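A.B. asks: Once you've had a glance at the structure underneath, I'll fire off some questions.
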Amino acid sequence: MEHALTTTEIIGTNDPFSGSVKKSKFSYQKYRAAWYNHILYPKGPTGDATLKNNVANKLLKDIEILSLNNIKTLVMHYMTGIYWVYNYYVIGMNKINLFWYYPQYYAPLISDIAGFIGQITESTDWSYSPGQRSLNVIEQLLSVIPPQFNKVVPREVRSLMTGISVLTDLYPTKFEIDYSGKNQEYKGIALLPFVNPRRIIAAVQDEITRFTPDRASAYSPGSNLRIVRNKEVEQLVKAKRSILALTRKQPVERKQPVERKQPVERKQHVTTTGRKQPVERKKYVTATGRRIEKQSVTRRSREARVAKWKSLEPLI
1 MEHALTTTEI IGTNDPFSGS VKKSKFSYQK YRAAWYNHIL YPKGPTGDAT LKNNVANKLL
61 KDIEILSLNN IKTLVMHYMT GIYWVYNYYV IGMNKINLFW YYPQYYAPLI SDIAGFIGQI
121 TESTDWSYSP GQRSLNVIEQ LLSVIPPQFN KVVPREVRSL MTGISVLTDL YPTKFEIDYS
181 GKNQEYKGIA LLPFVNPRRI IAAVQDEITR FTPDRASAYS PGSNLRIVRN KEVEQLVKAK
241 RSILALTRKQ PVERKQPVER KQPVERKQHV TTTGRKQPVE RKKYVTATGR RIEKQSVTRR
301 SREARVAKWK SLEPLI
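Position one of the sequence shown corresponds to residue 1 (the UniProt record's numbering), numbered consecutively onward.
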């Protein structure tokens, strides 16, 4: 039975991220056929006009016959990825296949997941294989960074990204970006080649002879550590928590505020001009041998100073 729902369609513009909208009928069967034709049909490099036209014709005319085996394989890969992520977080790295990757750019429709999930048999692609090791720093960098940033990898292996090497196909200078169904440019899906970790490891091993012994040991992968909590550790953790709980309950002794000393009030002296100045007396001997006391007052007029000098009496 064909489903019909109301949906919208962008028309009247060449820009995929703007335009006017009109209402139309949504056919689930046509959408399903177009979706799988789009994600399962091969895509070529930028500039391949023939392949682009073939893909467009298949999407518009809806003439591609869907392969149930292809859809089932897609669902199988998707569910394997979900199970891999679950075991990675719940069990740990020592129980999963570190070289597994999702070999698709898109996800299946939820209706097909529900339809095929009962037919999926047990898969071992995600499980741990004896003798596997984790990727070292060089191999991880070669797996994720573009060739424009090759300076972050050791100089001995930069030629694997920029020159002619066994990994040249993993670092294309031009590639397709799928904007179908996206309303923002950054949401586009970059159709880059899938990275097989075994190819990266083999290529790095061929170049490892160019490393000095110290540099080779610095970039060598380490061993996995498995941390298990036993009863003794549990008792230590409980004892530590109880001690912390007791220390938190005790009130913190607060320091008493320090009393500040009151500032000493200085004596004020009124000058002839009416200004208050601090009294500062100095004793000295004049040219005539008389010992007198002088009041050192700032900003006093010359006349006031002369009058004060005349009023001074010799000290006995």
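Ideal Cβ positions, reconstructed from N, Cα and C, are used throughout, including at glycine. Only a predicted model underlies this, so the values are computations on that prediction, with no experimental measurement involved.
Can you give me the start and stop residues for the alpha helix (DSSP H) that A202 sits inside?
C.D. replies: Run containing A202: 197–207, per the alpha helix (DSSP H) assignment.
A.B. asks: Does DSSP classify F211 as helix, strand or coil?
C.D. replies: Reduced to three states, the DSSP call for F211 is coil.
A.B. asks: Below 8 Å on the Cβ atoms is my contact criterion, and I expect E139 with E207 to pass it. Report the Cβ-Cβ distance as a whole number of Å.
C.D. replies: Actually they do not touch by this definition, with Cβ atoms about 11 Å apart.
A.B. asks: Can you check which of these residues, I243, I164, S242, is closest to P147 by C-alpha distance?
C.D. replies: It is I164 whose Cα lies nearest to the Cα of P147.
A.B. asks: Does the Cβ of T162 have 16 or more other Cβ atoms within 10 Å, making it buried, or fewer, making it exposed?
C.D. replies: It counts as exposed.
A.B. asks: Under the assumption that L160 contacts A203 (Cβ atoms under 8 Å), give the Cβ distance between them as a whole number of angstroms.
C.D. replies: Confirmed, Cβ separation roughly 6 Å.
A.B. asks: Going by DSSP, name the residue or residues bridged to A107.
C.D. replies: For A107, which the question treats as bridged, DSSP gives no partner whatsoever.
A.B. asks: Less than 8 Å between the beta carbons of V75 and I113, yes or no?
C.D. replies: Yes, these two residues count as a Cβ contact at 8 Å.
A.B. asks: Leaving out the 5 sequence neighbours to the left and right, which residues in its chain are closer than 8 Å to I154 when beta-carbon positions are compared?
C.D. replies: This sequence places Pro at residue 154; Ile is not what is there. I138, F211, R215, Y219, listed in sequence order.
A.B. asks: Report the rounded CA-to-CA distance for T168 versus K240, giving the unit in angstroms.
C.D. replies: Cα to Cα, T168 sits roughly 56 Å from K240.
A.B. asks: For P108, count the other beta carbons within 10 Å of its own beta carbon; 16 or more makes it buried, fewer makes it exposed. Which is it?
C.D. replies: Flag for P108 reads buried.
A.B. asks: Report the rounded CA-to-CA distance for R32 versus I71, giving the unit in angstroms.
C.D. replies: About 11 Å.
A.B. asks: Contact defined as beta carbons within less than 8 Å: I believe N87 pairs with Q132. What is the distance between those atoms, to the nearest angstrom?
C.D. replies: That pair is no contact at about 14 Å.
A.B. asks: According to the neighbour-count rule (16 or more other Cβ atoms, all chains shown, within 10 Å of its Cβ), is E234 buried or exposed?
C.D. replies: Exposed, by the Cβ-count rule.
A.B. asks: Nearest-angstrom Cα distance between K308 and Q262?
C.D. replies: Going by the C-alpha atoms only, they are around 35 Å apart.
A.B. asks: Could you compute how far the alpha carbon of I227 sits from the alpha carbon of I91?
C.D. replies: Each residue's Cα considered, the two are about 12 Å apart.
A.B. asks: Are the CB atoms of I189 and I177 within a distance shorter than 8 Å?
C.D. replies: Yes, the Cβ-Cβ distance between I177 and I189 is below 8 Å.
A.B. asks: Beta-carbon within less than 6 Å of V116's beta-carbon, same chain only, minus the 5 sequence neighbours each way: which residues are those?
C.D. replies: Position check: residue 116 holds Phe in this sequence, whereas Val was assumed. Closer than 6 Å at Cβ, skipping near neighbours: K72, V75.
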